[in-house]
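Enquirer: Submitted below is the structure of interest, expressed as structure tokens.
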Amino acid sequence: AQTYPLDVFVKYENSEGDIISSDIETIGVPVGGKIKFVIVSEPETISPGQKKTIRVQYKNTGDATAYQAQARVSMVDPFSSNDDSAFLGDVAPGETKEAAFQVSAESKATVKRYGIDSEIRYNDAFDNQVISDPIKLSVTVTKDAGFVAGLLSNPLLLAVIALIVIAAGYVLYRKRGNA
Numbered sequence: 027a028q029t030y031p032l033d034v035f036v037k038y039e040n041s042e043g044d045i046i047s048s049d050i051e052t053i054g055v056p057v058g059g060k061i062k063f064v065i066v067s068e069p070e071t072i073s074p075g076q077k078k079t080i081r082v083q084y085k086n087t088g089d090a091t092a093y094q095a096q097a098r099v100s101m102v103d104p105f106s107s108n109d110d111s112a113f114l115g116d117v118a119p120g121e122t123k124e125a126a127f128q129v130s131a132e133s134k135a136t137v138k139r140y141g142i143d144s145e146i147r148y149n150d151a152f153d154n155q156v157i158s159d160p161i162k163l164s165v166t167v168t169k170d171a172g173f174v175a176g177l178l179s180n181p182l183l184l185a186v187i188a189l190i191v192i193a194a195g196y197v198l199y200r201k202r203g204n205a
């Protein structure tokens with residue numbers, strides 16, 4: 027993004043049929059910067075065989091607004107998705123928008139970090155359709171935590187267990203107080 031010099035002159039035919047050129051005048055033409063996107067969200071994790079909604083935050087780090095932006099991901103093994111695009115809307119410079127993709131990992135997926143290609147399709151200020159440079163979305167396949175660990179990571183279940191323990195403690199306290 028900067029101002030570029032442009033030489034301008036007029037070439038015309040006068041009333042006597044002579045071709046005449048005016049003096050050259052140099053003017054400045056301002057040119058806006060390129061629209062660029064980066065992923066600012068933390069890498070997502072998924073377990074083998076799991077289906078999960080992955081949330082991705084895209085930030086416009088360019089100098090112009092991207093209109094009617096739509097994020098897309100290109101799934102490769104061991105991942106699959108029924109919906110590989112998400113509407114972001116207009117994204118102004120410095121603005122961040124979130125997209126959600128439903129992703130499944132194969133049950134035989136290797137535990138490691140993967141890079142999934144992502145891109146943004148948008149319209150520029152002149153209503154030209156543009157596709158951004160590819161952006162790598164980082165997804166890590168992690169070892170399954172197991173059934174018990176999965177249950178213990180559920181806050182609702184933990185609250186129910188806490189209520190049961192408190193109720194049992196109260197009942198024991200009342201029985202000992204009456205004995």
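Position one of the sequence shown corresponds to residue 27 (the working numbering), numbered consecutively onward.
The beta carbon of each residue, even a glycine, is placed where N, CA and C say it ideally should be.
#1: Just verifying my parser: in three-state terms, what is the DSSP assignment at Gly141?
#2: Along the chain, which unbroken stretches of the alpha helix (DSSP H) at least 4 residues long are found entirely within the stretch 107-172?
#3: Just the C-alpha distance for Ser164 and Lys77, rounded to the nearest angstrom, thanks.
#4: For Gly75, name the three-state secondary structure that DSSP assigns.
#5: Going by beta carbon distance, what residues of the same chain come within less than 8 Å of Ala151, once the five residues before and after it are set aside?
#6: Using the rule of at least 16 other Cβ atoms within 10 Å of the residue's Cβ for burial, across every protein chain shown, is Asn40 buried or exposed?
#7: Since I believe Phe105 is in contact with Ala131 (beta carbons under 8 Å), could you give me their beta-carbon distance rounded to a whole number of angstroms?
#8: When DSSP builds the beta bridges, which residues end up paired with Gln28?
#9: Val34 to Ile45, Cα distance in whole Å?
#10: Do the stretch 190-198 and the stretch 94-102 meet, that is, are 3 or more Cβ pairs less than 8 Å apart?
Expert: By the coordinates alone:
#1: Note: Gly141 maps to strand in three-state DSSP.
#2: none
#3: 16 Å
#4: coil
#5: Gly58, Ala90, Thr91, Tyr93
#6: exposed
#7: 6 Å
#8: Val57
#9: 17 Å
#10: no
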